[in-house]
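Numbering-wise, UniProt numbering puts 62 at position 62 of the sequence shown, and it's gapless, one number per residue. Where is the CB? At the ideal position from N, CA and C, for every residue including glycine. This structure is a prediction, so every number in the text was calculated from the model and none was measured. Notes follow the structure.
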Amino acid sequence: MNNFITSAVRTGKASSKMIAFAFVLLYNSVFAQSQNLNGHKLLYHDAYSEISQMLEDKQPLNFKRAIFLMENAFLNGSWKYEQFSEQIQSITNKLQLLIKERHFEKFKTAGNWAAFTYMVDSISQNDFKPYKYDFDNFLPTKDPTVGFVTKLITTGKGNCVSLPELYKILTNELQCTAYLALAPMHCYIKHKDENGKWVNLEMTSGSFARDEWIMQESGVTVEQIKTGIYMNALTEKETLASVLNDLAANYQFQFGCDGFDLLVAETALKYYPKGVHIYMVKFEHYRKMLLQARQQNNSVSVDHYNRILFGIDQKLAELAYKEPSKQDYEEWVRDNEKNRLLQESKTQIKSNNK
């Protein structure tokens, strides 16, 4: 089935009806498989089904719900949605009181201010324990849960994924506007201030960031901004498509590549065609297929998968994507930690001198 779809698309011999029909067959095939799934895999299928319905406008867009479904699938149902919602609602109640206490109700960005203040400042509402960047465990290479919101609200520590995601969930609950934005191996927040001007919130350091600083620190190029892969405020559907991408990547991590991961990635690309991270999930799927074909000495399949991988490479090149360096990112994180500790030290010295 996968061969039929990709061959038709890559060779340019597929009509739109033919492609649609092929994906219907793929969906039906995966759905049929789901009838005999164990409970863990079924959580992934259920999450995909519900998030897809949101994207198709069959259900209201709900970022909080989508995040829960994606994370709980990986966690094999260890959370209940009521439990997750109660945790979020508890924080939301504190933010509403904070806004009321400061008499900020009249401001459009009151919710943005409250969520930011609660997450990054030491105040009574958070028991003087703001959320922290987990400098000891921030890359999801071996453990995807390092970027989970459920882990952040449980431990108080997160990374550049969970911190902005929680911020967005909280501002959504307060009916304020906030958008996720991407840079290489990084995620941050964009929203408009009281005057309608865009501002960037760097949740990892609890600070505001200029576009120029983000470009310099993360290595974003002007060409990448032009193609739209980085530093744009993601639409709500692009954001949910990114959640689907995480669902597909986590499925690959736990169960490998059996067709379901590809179905999820293809659906995500339909709503976020410039999502380079989604193409990387597709690439991983076909890389595994290529390895299997080589082990089976199947030269026809080897050529087929090589063509598909080449096509993905070409698409990424068109989008000006370059694979970011994990070493550079780790050095950037360490530098931020040093700067944070230095700033805290200066603040403490000033406080002691008063």
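Fill in: Asn93 beta carbon near the ligand NAP (any heavy atom closer than 7 Å)
Among the ligands in the structure shown, none appear at all, so the ligand NAP cannot be discussed.
Practice prompt. Pick helix, strand or coil for residue 356, following the three-state DSSP scheme.
Written response: Since the first residue of the chain shown is 1 and the last is 354, residue 356 is not available in this structure.
Worksheet item: Can you name, in chain order, every residue of its own chain whose Cβ lies under 6 Å from the Cβ of Lys288, other than the five neighbours on each side?
Response: Cys257
Practice prompt. Tell me whether Leu170 sits in a helix, a strand or coil according to DSSP, three-state version.
Written response: helix
Worksheet entry | Host beta strand (DSSP E) of Trp198 (start-end) | 198-202
Worksheet item: Going along the chain, which residues of its own chain have a beta-carbon closer than 8 Å to the beta-carbon of Ala32, five neighbours each way excluded?
Response: Residue placement at Ala32 is poorly supported in this model, since its pLDDT is 47, which falls under 50; the coordinates still yield a value, given next. Nothing meets the Cβ criterion.
Item to complete: Just the C-alpha distance for Met203 and Ala178, rounded to the nearest angstrom, thanks.
Response: 13 Å
Discussion item. Measuring alpha carbon to alpha carbon, tell me which residue in Gly158, Ile123, Asn93 is nearest Tyr133.
Written reply: Gly158
Practice prompt. Measure the CB-CB distance between Tyr230 and Val220 and report whether it falls below 8 Å.
Written response: yes
Worksheet item: Looking at Gly111 and Gln216, is the spacing between their C-beta atoms short of 8 Å?
Response: no
Item to complete: Using the Cα positions of Thr267 and Ala241, report the straight-line distance between them to the nearest angstrom.
Response: 8 Å
Worksheet item: Would Leu309 pass as a contact of Leu290 if the rule is Cβ separation under 8 Å?
Response: yes
Worksheet entry | Local Cβ density within 10 Å of Ser122, reported as buried at 16 or more and exposed below that | exposed
Practice prompt. Thinking Ala265 and Ala293 are a contact (beta carbons under 8 Å), I'd like their distance in whole angstroms, please.
Written response: Rounded, the Cβ-Cβ distance is 20 Å, inconsistent with contact.
Worksheet item: Residue range of the beta strand (DSSP E) that Ile189 falls in?
Response: 186-192
Worksheet item: How would you call Tyr279, buried or exposed, if buried means at least 16 neighbouring beta carbons within 10 angstroms?
Response: buried
Item to complete: Measure the C-alpha to C-alpha separation of Leu201 and Ser301 and round it to an integer number of angstroms.
Response: 47 Å
Worksheet item: Leaving out five residues before and five after Ala233 in sequence, what residues of the same chain have Cβ atoms less than 6 Å from its Cβ?
Response: Tyr179, Ala181, Lys190
Practice prompt. Examine the Cβ distances between the segment 89-105 and the segment 271-285 and report whether three or more of them are shorter than 8 Å.
Written response: no
Worksheet item: Over what stretch of residues does the alpha helix (DSSP H) that includes Ala178 continue unbroken?
Response: Ala178 -> no alpha helix (DSSP H), and no H or E assigned at all.
Worksheet item: Expressed to the nearest angstrom, what Euclidean distance is found between the alpha-carbon atoms of Phe260 and Lys282?
Response: 11 Å
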